[in-house]
Structure formats: structure tokens, C-alpha cells
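Here is the structure we will look at, set down as C-alpha cells.
Numbering (the working numbering), first residue to last: 50 to 126.
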């Protein structure tokens, strides 16, 4: 997808951080990622997923805006 490669650098960085958080949440739920202290792993994984969703919202907004802009007819005077 050509438009995804033209995303602003900060938005792409947020996407990468979001993907890392999803992987960390899955590893926490499967108990493959050890923690040095006792925590509620389910609550921590939920927090990571919610943070991930918040980090991916700017990319969704940009892609939706570009899609709508390409679908709407251009007004010419």
C-alpha cells in the first residue's frame, strides 16, 4: 500500500510501539514474559492493549482522512 509508506515518521513510530505492546501483552497472558514482582497479569495486559489502541488511533485517523479525500469528488470552479 503506497499511502502507508508516506505516513509521517512520528505516526509510524507510534505504530511500531503499538505492535511491541501487543506482543508484550500476548507474552504476559501466556506467562512467557517473566516479571520481577507480583502483579495482576490480566490487568497489565488489558492496560497494554488499551494503550496500544490509543497509540494506533493517529494512523487510523490519517488513513481514514486520506481515503475519504480520495473518494469524495473534487470541486472545480
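We put the CB at the ideal spot given by N, CA and C, even for glycine.
- Report yes or no: do three or more beta-carbon pairs, one from the stretch 100-113 and one from the stretch 52-69, lie closer than 8 angstroms? yes
- Message: Could you give the first and the last residue of the continuous alpha helix (DSSP H) run that contains residue 95?
- Response: 90-120
- Roughly how many angstroms separate the alpha carbons of residue 89 and residue 95, rounded to a whole number? 10 angstroms
- Around the C-beta of residue 74, are 16 or more other C-beta atoms found within 10 angstroms, so that it is buried, or is it exposed? buried
- Query: How should residue 121 be labelled, buried or exposed, when 16 other C-beta atoms within 10 angstroms of its C-beta is the threshold for buried?
  - Reply: exposed
- Message: Let me confirm a value: residue 77 is counted as buried when at least 16 other C-beta atoms fall within 10 Å, else exposed. Which label applies?
- Response: buried
- Task: Kindly list the residues whose CB is nearer than 8 angstroms to the CB of residue 70, restricted to its own chain and excluding five residues on each side of it in sequence; keep chain order.
- Result: 97, 98, 100, 101, 104
- Message: Looking only at its chain, what residues have a beta carbon closer than 8 angstroms to the beta carbon of residue 91, apart from the 5 residues adjacent to it on each side?
- Response: 78
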